[in-house]
Amino acid sequence: MENERKTLLEDVTQSDLFHNISDICAAVNAVTCNDELLAVSLQKTLFLFQAARGSIFILDDNGKDLILKISQGMKNQETTNMVKRLGEGIVGRVAETKQPVFVDDISTDTRFGSLKPRGSYQTPSFICAPLLIKDQLIGVINISDKESGLRFTKNEMQLLDFLSSQIALNYRRIQLYEKFKKILKETQTLKDKLGETNQEATQLKKQVHIQEKLATIGKLAGGIAHEFNNPLDGVMRYTNLCLEHTKEDEVVRGYLLEIKHGLHRMANIVKNLLACSRSDFPHSMKVNLHAALEHALSSKSSDITSKNIRVAIDVQPDIPDINDLGLELVITNLIRNAIESMSDSGELNIKAYVEGERLHMVVQDTGCGIPDEKINEIFEPFFTTKDIDKGCGLGLTIVGEVIKSYAGTIDVESEINKGTKFEVAIPINA
Amino acid sequence: MSKDINKNDVNILIIDDERLIRESLYEILRIEGYNVNMAQSAEEAMGLLEHEDFDVILTDMKLPQKSGIELLEHVKNEHAHIEVILIT
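The listed protein sequences derive, respectively, from chains B and X.
If you want the working numbering, it's the 1-based position in the first sequence plus 179.
If you want the working numbering, it's the 1-based position in the second sequence plus 208.
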């Protein structure tokens, strides 16, 4: 009986066999994706052995489960991702022992006892081989159901064992290749991030440098302003003295009035520069928003009347007093700017309320607005849109500095000829 | 000070290290008719106070060595009748 069996190794010429094996090796060496590798391996192996049915299980990362990755010719529609525990069934046993199993006839084989497969096989003979790289288990391959109806031989088991090692090696090769690709990608991402971080760091360094420079200039300006104050005071007094000693119709009186006007402007700049560089607001002092608002509005009452400006005030009545870090300067400057932006008639809306731990204040006018291209410059020192003798360009710089010292925020929205809205938010307990 | 006072009898001492302020104040008060004297520092003022009597002292607060406040203390201890006006 044994001799009548037609087996693969006897059926084909040696050169055909060699050709078939090298064809499988070439095919599995060429693929770059493991799903494809398993599909190609199984299909070519089944073709070589003239077998109708086969499957490949792969050992899970946990090292305990064998997962069915691919099958061919299964009647029961055994789906992929079927799981066998290590040691469970013949596949599990082969994985555990790392030894191939060749079954000549399952019905007479005594090795498996209860492990015998439930009988959907057309032939009682099959081979099950571990996919190994040296001692390391990758998975298990099964083939059964020879198309000829004959049984497998021991030689065929050795051949499958050889092919298994090829499949296992390639499986690992692709795994490593994918890992390498992943690392390469991660490296590139890290490199990109590093580049971004570097760029950010450079930008930040630049900003710090500018801030430091501005702080130095601010200190210098403050110092100069302080030094200017005293002689300016004296010169102003002498000018007033001179004015008292001139008669109404004297030409020199006109000149002196011009000097006085100029001195007032200088005094104003000095006062504002001092306010900009001032960081010595005593923390114990409190400022009342209602009082500050009233003060700011009353100092501009003549302009409000002469320009026919409607003032609408919506201020929450119980706003607590705030530490005096210059809030009145903020209010005064925002209100002054709003009024000066309106030439004839208009509306000034002032809103203030407490929300959470922050005081919110909105000052909105219907004035000339700020051009888009200028909006980023408005907090810069000496930036002004006003006539030379109306503003020195320090008002909003002061506002910005004060808001900074409160650790607050200021937002501005503006539209040409429609108006401007400033929104300030500062912590109540600043 | 009531109106019938003779300004010429009122002795004022001005102390400021800034010449323009010191002298402009001096001029204003002199023209007003007061009897005015000047010093550049608290130390100089204390020296003057030893042999001259003043009714009013106008002093800057920030002075080169002793401050206006220290001068105020000295005056209140030694010459309590003098009125002191601090300028800042």
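Glycine included, each C-beta is placed from N, C-alpha and C at the ideal position.
Minimum Cβ-Cβ distance from S232 of chain X to chain B less than 8 Å: Residue numbering aside, residue 232 of chain X sits at position 24 when the second sequence is read from its first letter. S232 of chain X counts as touching chain B.
With 9 Å as the limit, tell me which residues of the segment 404–419 of chain B have their beta carbon closer than that to any beta carbon of chain X; keep them in chain order. N409, P410, L411, D412, G413, V414, M415, R416, Y417, N419
Determine the DSSP secondary structure at C307 of chain B, reduced to helix, strand or coil. For the purposes of this step, residue 307 of chain B is taken as residue 128 along the first sequence, with counting starting at 1. If DSSP states are grouped into helix, strand and coil, C307 of chain B belongs with the strands.
Short CB-CB distance (under 8 Å) between L266 of chain X and chain D: In the displayed structure, chain D is absent; the protein chains listed are B and X.
Is Q248 of chain X helix, strand or coil by DSSP? Counted from its first residue, the second sequence places residue 248 of chain X at position 40. Q248 of chain X: coil per DSSP, three-state reduction.
With a threshold of 8 Å between beta-carbons, can D228 of chain X be considered close to chain B, or not? As a working mapping, residue 228 of chain X is identified with position 20 in the second sequence. Before going further, note that residue 228 of chain X is Leu rather than Asp in the sequence given. Taking Cβ atoms only, chain B reaches closer than 8 Å to L228 of chain X, which makes this a yes.
Where does M180 of chain B land, buried or exposed, given buried means 16+ other C-beta within 10 angstroms? In the first sequence, counting from the first residue as 1, residue 180 of chain B sits at position 1. Bear in mind that a pLDDT of 40 at M180 of chain B, under 50, signals an unreliable position, so the number given afterwards is only what the model happens to contain. Looking at its Cβ environment, which holds fewer than 16 other Cβ atoms inside 10 Å, M180 of chain B is exposed.
Determine whether the Cβ of E235 of chain X lies closer than 8 Å to any Cβ atom of chain B. Position 27 of the second sequence, counted from the first residue, corresponds to residue 235 of chain X. Interface residue, yes.
Would you kindly check if the distance between the Cβ of G525 of chain B and the Cβ of I582 of chain B is under 8 Å? Counting from one through the first sequence, the residue named residue 582 of chain B turns up at place 403. Counting from one through the first sequence, the residue named residue 525 of chain B turns up at place 346. Not a contact, by the Cβ cut-off of 8 Å.
How is Q273 of chain X classed by DSSP in three states: helix, strand or coil? Locating residue 273 of chain X in the second sequence gives position 65, counting from the first residue. Here Q273 of chain X sits in coil by DSSP.
Tell me whether the segment 192–207 of chain B and the segment 217–231 of chain B touch, counting them as touching only if at least three CB pairs, one residue from each stretch, are closer than 8 Å. yes
Use the C-beta contact count for Q543 of chain B: other C-beta atoms within 10 angstroms, 16 or more gives buried, fewer gives exposed. Within the first sequence, the letter at position 364 stands for residue 543 of chain B. Answer is buried; the Cβ neighbour count reaches 16.
Should the segment 431–443 of chain B be called in touch with the segment 242–261 of chain X, which here means at least 3 C-beta pairs below 8 Å? no
Looking only at its chain, what residues have a beta carbon closer than 8 Å to the beta carbon of R184 of chain B, apart from the 5 residues adjacent to it on each side? As a first step, residue 184 of chain B is located in the first sequence; it is residue number 5 there, counting from the start. With a pLDDT of 47 at R184 of chain B, under the threshold of 50, the modelled position of that residue is not reliable, and no figure is offered here.
Quick check on the burial criterion: 16 or more other C-beta atoms within 10 angstroms. Buried or exposed for D523 of chain B? Residue 523 of chain B sits at position 344 when you count from the first residue of the first sequence. Answer is exposed; the Cβ neighbour count stays below 16.
Over what stretch of residues does the beta strand (DSSP E) that includes D493 of chain B continue unbroken? As a position in the first sequence, residue 493 of chain B is number 314, starting the count at 1. Taken as a continuous stretch (DSSP letters only), the beta strand (DSSP E) holding D493 of chain B covers 488–494.
For E260 of chain X, I'd like the list of residues in its chain whose CB is within less than 6 Å of its CB, leaving aside the five on either flank, ordered along the chain. For the purposes of this step, residue 260 of chain X is taken as the residue at position 52 of the second sequence. So the list is empty, once near-sequence residues are dropped.
Alpha carbon to alpha carbon, how far is L453 of chain B from L476 of chain B? Give it in angstroms, no decimals. One-based indexing of the first sequence puts residue 476 of chain B at position 297. One-based indexing of the first sequence puts residue 453 of chain B at position 274. Each residue's Cα considered, the two are about 23 Å apart.
Following the continuous alpha helix (DSSP H) through Q345 of chain B, name the residue where it begins and the one where it ends. One-based indexing of the first sequence puts residue 345 of chain B at position 166. Its alpha helix (DSSP H) spans residues 333–423.
Measure the C-alpha to C-alpha separation of L294 of chain X and S478 of chain B and round it to an integer number of angstroms. Your numbering for residue 294 of chain X matches position 86 in the second sequence. Your numbering for residue 478 of chain B matches position 299 in the first sequence. Roughly 28 Å separates the two Cα atoms.
If we count Cβ pairs, one from each stretch, closer than 8 Å, do we get three or more for the segment 313–320 of chain B versus the segment 338–353 of chain B? yes
Put M167 of chain B into one of helix, strand or coil per three-state DSSP. Past the edges of chain B, shown from 180 to 609, lies residue 167 of chain B, and the structure says nothing about it.
Paired residues, beta bridge with L133 of chain B - DSSP: Outside the displayed span of chain B (180 to 609) sits residue 133 of chain B, for which this structure offers no information.
Measure the C-alpha to C-alpha separation of N199 of chain B and V219 of chain B and round it to an integer number of angstroms. To locate residue 199 of chain B, count along the first sequence from 1; it is residue 20. To locate residue 219 of chain B, count along the first sequence from 1; it is residue 40. In a straight line, the C-alpha of N199 of chain B is about 13 Å away from that of V219 of chain B.
From this set, X:N219, X:I213, X:D212, which residue's C-alpha is nearest E291 of chain X's C-alpha? The sequence position of residue 291 of chain X within the second sequence is 83, counting from 1. Checking every option, the nearest Cα to that of E291 of chain X belongs to X:N219.
If you check the beta carbons only, do L347 of chain X and D225 of chain X fall under 8 Å apart? The displayed coordinates of chain X run from 209 to 296. Any statement about residue 347 of chain X would go beyond what the structure contains.
Please report the distance separating the alpha-carbon of G374 of chain B from that of K392 of chain B. Here residue 374 of chain B refers to the residue found at position 195 of the first sequence. Here residue 392 of chain B refers to the residue found at position 213 of the first sequence. Looking at the two C-alpha atoms, the distance is approximately 27 Å.
From D288 of chain B to V270 of chain B, what does the alpha carbon distance come to, in whole angstroms? The count along the first sequence starts at 1 and reaches residue 288 of chain B at position 109. The count along the first sequence starts at 1 and reaches residue 270 of chain B at position 91. The straight-line gap from Cα to Cα measures roughly 16 Å.
Restricting to Cα atoms, I'd like to know which of B:I306, B:V509, B:E275, B:D244 is closest to I285 of chain B. What you label residue 285 of chain B is simply residue 106 of the first sequence in a count that begins at 1. Taking only the C-alpha atoms, the option nearest I285 of chain B is B:I306.
For the 8 Å Cβ check, are there 3 or more pairs between the segment 237–244 of chain X and the segment 277–286 of chain X? no
Are there 16 or more other CB atoms within 10 angstroms of the CB of M269 of chain X, so buried, or fewer, so exposed? Walking along the second sequence from the start, residue 269 of chain X turns up at place 61. Result: exposed.
Outcome for L355 of chain B when other beta-carbon atoms lying within 10 angstroms are tallied against a minimum of 16: Numbered from 1 along the first sequence, position 176 holds the residue referred to as residue 355 of chain B. By the neighbour-count rule (16 or more Cβ atoms within 10 Å), L355 of chain B is not buried but exposed.
Between the alpha carbons of A446 of chain B and A404 of chain B, how many angstroms are there, rounded? Position 267 of the first sequence, counted from the first residue, corresponds to residue 446 of chain B. Position 225 of the first sequence, counted from the first residue, corresponds to residue 404 of chain B. Taking the straight line joining both Cα atoms gives about 9 Å.
With a threshold of 8 Å between beta-carbons, can M209 of chain X be considered close to chain B, or not? The sequence position of residue 209 of chain X within the second sequence is 1, counting from 1. Here M209 of chain X scores only 49 on pLDDT, less than 50, and its place in the model is too uncertain to base an answer on.
What does the Cβ neighbour count give for T296 of chain X, buried or exposed, with the cut at 16 atoms within 10 Å? The residue given as residue 296 of chain X occupies position 88 in the second sequence. By the 10 Å Cβ count, T296 of chain X comes out exposed.
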